[in-house]
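Shown next, in structure tokens, is the structure this report addresses.
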Amino acid sequence: MSDTEKPAPSNFIRNIIDADFASNKNEGRVHTRFPPEPNGYLHIGHAKSICLNFGVAQDYKGLCNLRFDDTNPHKENIEYVTAIKEDVQWLGFDWEDRLFFSSDYFQQLHDYAVALIKKGKAYVCELSAEEIREYRGTLTEPGKASPNRDRSVEENLELFEQMRAGKFPDGSKVLRTKIDMASPNMNLRDPAIYRIRHGVVHHQTGEEWCIYPMYDFTHCLSDAIEGITHSLCTLEFEDHRPLYDWFLDTLETPQHPQQIEFSRLSLQYTVTSKRKLTQLVENGYVHGWDDPRLPTIAGLRRRGYTPTALRTFCERIGITKADNTVEMALLESCIREDLDKNAMRRMAVLHPLKVIIENYPEDKVELLDAANHPKDESKGSRKVPLSREVYIDTNDFREEASRKFKRLVSGGEVRLRNAYVIRCNEIIKDEHGEIIELRCSYDPDTLGANPEGRKVKGVIHWVSAQHALPAEIRLYDRLFTHPTPDAAKEDKEFTAYLNPNSLHTLTNCYVESNLAEAAPGEQFQFEREGYFCLDTGGLSEGVLVYNRTVGLRDSWAKIEQKS
Ligand code: ATP
Ligand code: MG
Numbered sequence: 391m392s393d394t395e396k397p398a399p400s401n402f403i404r405n406i407i408d409a410d411f412a413s414n415k416n417e418g419r420v421h422t423r424f425p426p427e428p429n430g431y432l433h434i435g436h437a438k439s440i441c442l443n444f445g446v447a448q449d450y451k452g453l454c455n456l457r458f459d460d461t462n463p464h465k466e467n468i469e470y471v472t473a474i475k476e477d478v479q480w481l482g483f484d485w486e487d488r489l490f491f492s493s494d495y496f497q498q499l500h501d502y503a504v505a506l507i508k509k510g511k512a513y514v515c516e517l518s519a520e521e522i523r524e525y526r527g528t529l530t531e532p533g534k535a536s537p538n539r540d541r542s543v544e545e546n547l548e549l550f551e552q553m554r555a556g557k558f559p560d561g562s563k564v565l566r567t568k569i570d571m572a573s574p575n576m577n578l579r580d581p582a583i584y585r586i587r588h589g590v591v592h593h594q595t596g597e598e599w600c601i602y603p604m605y606d607f608t609h610c611l612s613d614a615i616e617g618i619t620h621s622l623c624t625l626e627f628e629d630h631r632p633l634y635d636w637f638l639d640t641l642e643t644p645q646h647p648q649q650i651e652f653s654r655l656s657l658q659y660t661v662t663s664k665r666k667l668t669q670l671v672e673n674g675y676v677h678g679w680d681d682p683r684l685p686t687i688a689g690l691r692r693r694g695y696t697p698t699a700l701r702t703f704c705e706r707i708g709i710t711k712a713d714n715t716v717e718m719a720l721l722e723s724c725i726r727e728d729l730d731k732n733a734m735r736r737m738a739v740l741h742p743l744k745v746i747i748e749n750y751p752e753d754k755v756e757l758l759d760a761a762n763h764p765k766d767e768s769k770g771s772r773k774v775p776l777s778r779e780v781y782i783d784t785n786d787f788r789e790e791a792s793r794k795f796k797r798l799v800s801g802g803e804v805r806l807r808n809a810y811v812i813r814c815n816e817i818i819k820d821e822h823g824e825i826i827e828l829r830c831s832y833d834p835d836t837l838g839a840n841p842e843g844r845k846v847k848g849v850i851h852w853v854s855a856q857h858a859l860p861a862e863i864r865l866y867d868r869l870f871t872h873p874t875p876d877a878a879k880e881d882k883e884f885t886a887y888l889n890p891n892s893l894h895t896l897t898n899c900y901v902e903s904n905l906a907e908a909a910p911g912e913q914f915q916f917e918r919e920g921y922f923c924l925d926t927g928g929l930s931e932g933v934l935v936y937n938r939t940v941g942l943r944d945s946w947a948k949i950e951q952k953s
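When you number the sequence shown by the working numbering, it's gap-free, plus one each residue, and the end is 953.
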């Protein structure tokens with residue numbers, strides 16, 4: 391899905407496909423798939439794989455399937471299936487009528503297993519899981535044959551049928567391939583391909599099966615069944631490729647998909663592993679899979695990320711075989727670029743300080759013109775109400791003047807954006823000496839362009855107190871304090887590096903009244919503060935909840951220097 395007509399940048403996978411075209415391999419067909427296991431929500435790493443698989447199919451006029459590799463009903467559920475479909479669609483990709491489940495093929499996979507038994511290439515093994523592990527040997531020592539390795543084909547067929555019929559308890563038997571117990575590749579030492587699982591209700595097949603095929607067996611054969619030409623996957627499956635090839639060759643499947651591995655995406659200051667994300671969600675370190683601090687697609691969406699920004703990011707990181715950890719600044723620059731161009735401008739005050747404009751008539755309200763975008767007139771303008779009492783940000787006022795401070799100071803002047811120049815005449819403090827209010831006056835001749843000769847140091851944002859809407863604003867910081875929490879010191883759990891200040895909630899904010907109609911997820915630039923969107927929850931106790939997507943400038947460079 392390129393947003394412009396320019397072709398996607400090339401990479402080694404596209405080069406392989408180009409060569410396949412040239413040699414008319416697969417009769418010029420390109421068919422890929424995105425194959426998630428429905429055991430968690432998708433994260434930004436999956437976005438890389440989705441963009442690659444669907445992107446390649448699109449660019450080569452091929453097809454891409456969405457297939458759930460659902461072989462582990464214990465860890466899977468329909469909530470994940472639904473969420474994954476939503477995320478792929480939201481990213482802008484369409485599997486059309488090609489939504490599949492490996493469980494659609496359970497009968498066929500069973501028949502493949504029977505075919506292996508008949509070829510003398512699979513046997514029912516009664517060793518316990520622990521014994522199987524012991525017998526497997528090590529990287530330096532060959533494995534030992536199971537005492538059941540030479541069972542007759544007839545006996546194996548009968549036992550496997552009884553396994554299927556529910557005659558044996560969990561863990562008592564497995565079906566294993568007969569490959570090579572001395573192979574230097576551990577994956578080829580007679581891996582199990584079927585196990586017994588009673589009492590689980592599979593989200594697709596219910597209680598139809600009490601034996602389940604293992605992932606490796608299922609994955610490559612599902613690809614073959616679907617006529618996949620190029621099985622694109624991450625590098626950890628490189629060592630599994632000889633096993634996949636063995637299955638496909640031994641079973642003489644009509645299609646032999648070509649597996650090509652690329653490196654996983656890792657992102658600094660976060661984790662991209664479903665197992666770790668599950669831990670964060672289940673142990674309450676974050677508030678659900680769509681917590682805006684998570685690198686899940688659902689979390690990024692709630693945070694205000696756009697599909698375009700994520701697709702641009704995936705294009706920029708590219709596809710290689712080299713392991714690398716991408717800087718968060720790159721992801722943020724993609725969303726900033728998109729929102730700078732497309733987000734409407736609004737005003738919001740995060741740390742309100744009341745300003746009374748004493749010479750402004752008490753019951754007067756003016757509706758002032760404000761452009762929705764400084765560089766894009768087609769986005770139009772809005773009316774912003776001004777009245778006698780406004781809020782400005784506490785940080786935009788200082789009692790003492792200093793050369794560098796270009797905003798409001800005692801006795802000084804500043805322009806209210808889209809409105810007039812005001813002068814601060816008096817500071818009101820509470821009994822602790824805290825400033826609680828400013829008394830100002832305005833110059834009615836200063837609306838619009840700065841009249842000549844008048845020196846006003848700065849322009850600040852504001853909202854009319856009478857009209858503004860109360861809001862809660864959530865500011866997010868990196869989720870971890872370590873750039874690679876995964877690879878941090880071995881004696882520490884990755885959760886030891888969670889940033890205790892990753893969420894900072896401001897509860898007494900005000901946003902301009904035009905935001906009353908904003909829809910959840912709609913992005914805005916709050917002028918001088920960053921990019922924000924209304925949270926999916928929208929209101930919390932009558933207060934609008936806004937998430938900050940990202941600040942206006944790159945704050946990561948600073949963090950890098952500090953740490
Ligand atoms: P995790 O390790 O996070 O649990 P997984 O690989 O088990 O992820 P799957 O649901 O099996 O998750 O992934 C579906 C596809 O997405 C696979 O082809 C996998 O290679 C790819 N994928 C997963 N994580 C990444 C990543 N970080 N970068 C690129 N591709 C990824
Ligand atoms: Mg996986």
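The beta-carbon is built from N, C-alpha and C at its ideal position, and this holds for glycine as well.
Just tell me which of 398, 424, 410 has its CA closest to the CA of residue 609.
By 1-based counting over the sequence shown, the position of residue 609 is 219. When only C-alpha atoms are compared, the closest one is 424.
In three-state DSSP terms, what is residue 485?
If you number the sequence shown from 1, residue 485 lands on position 95. Residue state, collapsed to three classes: coil.
Going straight from the alpha carbon of residue 912 to that of residue 940, what length do you get?
Here residue 912 is taken as the residue at index 522 of the sequence shown, counted from 1. Here residue 940 is taken as the residue at index 550 of the sequence shown, counted from 1. Those two C-alpha atoms are separated by around 14 Å.
Examine the ligand ATP and report whether any of its heavy atoms sits within less than 6 Å of the Cβ of residue 427.
Here the question's residue 427 lines up with position 37 in the sequence shown. For the ligand ATP, at least one heavy atom lies less than 6 Å from the Cβ of residue 427.
Span of the alpha helix (DSSP H) around residue 501
Taking the first residue of the sequence shown as 1, we reach residue 501 at position 111. That run of the alpha helix (DSSP H) goes 496-508.
What's the C-alpha gap between residue 632 and residue 639?
The residue labelled residue 632 in the question sits at position 242 within the sequence shown. The residue labelled residue 639 in the question sits at position 249 within the sequence shown. If you take the alpha carbons of residue 632 and residue 639, they lie about 10 Å apart.
Classification of residue 838 by the beta-carbon crowding that lies within 10 angstroms, buried from 16 upward
Within the sequence shown, residue 838 is the residue found at index 448, counting from 1. With fewer than 16 Cβ atoms within 10 Å of its Cβ, residue 838 is classed as exposed.
Closer than 7 Å by C-beta to residue 750: which residues in its own chain qualify, once you throw out the five before and the five after it? Chain order, please.
Here residue 750 is taken as the residue at index 360 of the sequence shown, counted from 1. Contacts found: 778, 832.
Hey, would you say residue 795 sits closer than 7 Å to residue 805, going by beta carbons?
Numbered from its first residue, the sequence shown carries residue 795 at position 405. Numbered from its first residue, the sequence shown carries residue 805 at position 415. No.
Excluding five sequence neighbours on each side, which residues of the same chain lie with their C-beta closer than 8 Å to the C-beta of residue 883?
Position 493 of the sequence shown, counted from the start, is the residue given in the question as residue 883. Taken in chain order, the list of residues that qualify is empty.
How would you write the range of the alpha helix (DSSP H) that residue 436 sits in, first residue to last?
Within the sequence shown, the letter at position 46 stands for residue 436. Where residue 436 is concerned, the enclosing alpha helix (DSSP H) stretches over 434-449.
Check whether the Cβ atoms of residue 685 and residue 657 sit closer than 7 Å, and answer yes or no.
To locate residue 685, count along the sequence shown from 1; it is residue 295. To locate residue 657, count along the sequence shown from 1; it is residue 267. In this structure, residue 657 lies closer than 7 Å to residue 685 by Cβ.
Only counting the same chain, and skipping five residues up and downstream in sequence, which positions put a Cβ closer than 6 Å to that of residue 799?
The residue given as residue 799 occupies position 409 in the sequence shown. Hits under 6 Å: 788, 791.
State the DSSP-derived secondary structure class of residue 567, mapped to helix, strand or coil.
One-based indexing of the sequence shown puts residue 567 at position 177. Under the three-state reduction of DSSP output, residue 567 falls in the strand class.
For a test of your reading of the model: does the CB of residue 623 fall under 6 Å from any non-hydrogen atom of the ligand ATP? Yes or no.
To locate residue 623, count along the sequence shown from 1; it is residue 233. True, at least one ligand heavy atom lies under 6 Å from that Cβ.
From the DSSP output, which residues share a beta bridge with residue 861?
Working through the sequence shown from its first residue, we reach residue 861 at position 471. Bridge partners of residue 861: 899, 934.
Would the segment 598-616 and the segment 456-470 be scored as touching if the rule is three or more Cβ pairs under 8 Å?
yes
Tell me whether the beta-carbon of residue 776 lies closer than 7 Å to the beta-carbon of residue 809.
On the sequence shown, position 386 is the one that residue 776 refers to. On the sequence shown, position 419 is the one that residue 809 refers to. Yes, Cβ-Cβ distance for residue 776 and residue 809 is below 7 Å.
Under DSSP, the alpha helix (DSSP H) around residue 734 begins and ends at which residues?
Within the sequence shown, the letter at position 344 stands for residue 734. Careful: residue 734 lies outside any alpha helix (DSSP H), inside the beta strand (DSSP E) at 734-736.
Whole angstroms is fine: what's the gap from residue 470's alpha carbon to residue 463's?
As a working mapping, residue 470 is identified with position 80 in the sequence shown. As a working mapping, residue 463 is identified with position 73 in the sequence shown. Cα to Cα, residue 470 sits roughly 12 Å from residue 463.
Flag this pair as yes or no: are the beta carbons of residue 718 and residue 917 separated by less than 7 Å?
Within the sequence shown, residue 718 is the residue found at index 328, counting from 1. Within the sequence shown, residue 917 is the residue found at index 527, counting from 1. Cβ distance not < 7 Å, so residue 718 and residue 917 don't count as in contact.
Exposure label - residue 439; buried when at least 16 CB within 10 Å
The residue given as residue 439 occupies position 49 in the sequence shown. Residue 439 is buried by the Cβ-count criterion.
What is the rounded straight-line gap between the Cα of residue 735 and the Cα of residue 812?
Here residue 735 refers to the residue found at position 345 of the sequence shown. Here residue 812 refers to the residue found at position 422 of the sequence shown. If you take the alpha carbons of residue 735 and residue 812, they lie about 22 Å apart.
When 688, 914, 709 are compared against residue 769, the one with the closest alpha-carbon:
Taking the first residue of the sequence shown as position 1, residue 769 is located at position 379. Ranking 688, 914, 709 by Cα distance to residue 769 puts 914 first.
Say yes only if the C-beta of residue 500 is nearer than 6 Å to one or more non-hydrogen atoms of the ligand ATP, and no if none qualify.
Here residue 500 refers to the residue found at position 110 when the sequence shown is read from its first residue. Flag unset: Cβ of residue 500 not near the ligand ATP.
Rank 482, 851, 846 by C-alpha distance to the C-alpha of residue 783 and give the top, closest one.
What you label residue 783 is simply residue 393 of the sequence shown in a count that begins at 1. Nearest of 482, 851, 846 to residue 783, Cα basis: 851.
Cβ shell of residue 394 (< 6 Å), same chain only, five flanking positions each side left out:
In the sequence shown, counting from the first residue as 1, residue 394 sits at position 4. In this prediction, residue 394 has a pLDDT of 47, which is less than 50 and means its spatial position is unreliable; nothing more can be read from the coordinates.
Enclosing alpha helix (DSSP H) for residue 610 [first to last residue]
As a first step, residue 610 is located in the sequence shown; it is residue number 220 there, counting from the start. Run containing residue 610: 605-615, per the alpha helix (DSSP H) assignment.
Cβ-based neighbour list, residue 506, same chain, cut-off 6 Å, excluding 5 preceding and 5 following
As a position in the sequence shown, residue 506 is number 116, starting the count at 1. Excluding positions up to five away in sequence, the list reads 512.
Residue 953 burial status per 10 Å Cβ neighbour count (16 or more: buried):
Here residue 953 is taken as the residue at index 563 of the sequence shown, counted from 1. With a pLDDT of only 45 at residue 953, under 50, the local geometry of the prediction cannot be trusted, and the value read off the model is given with reservation. Residue 953 comes out exposed.
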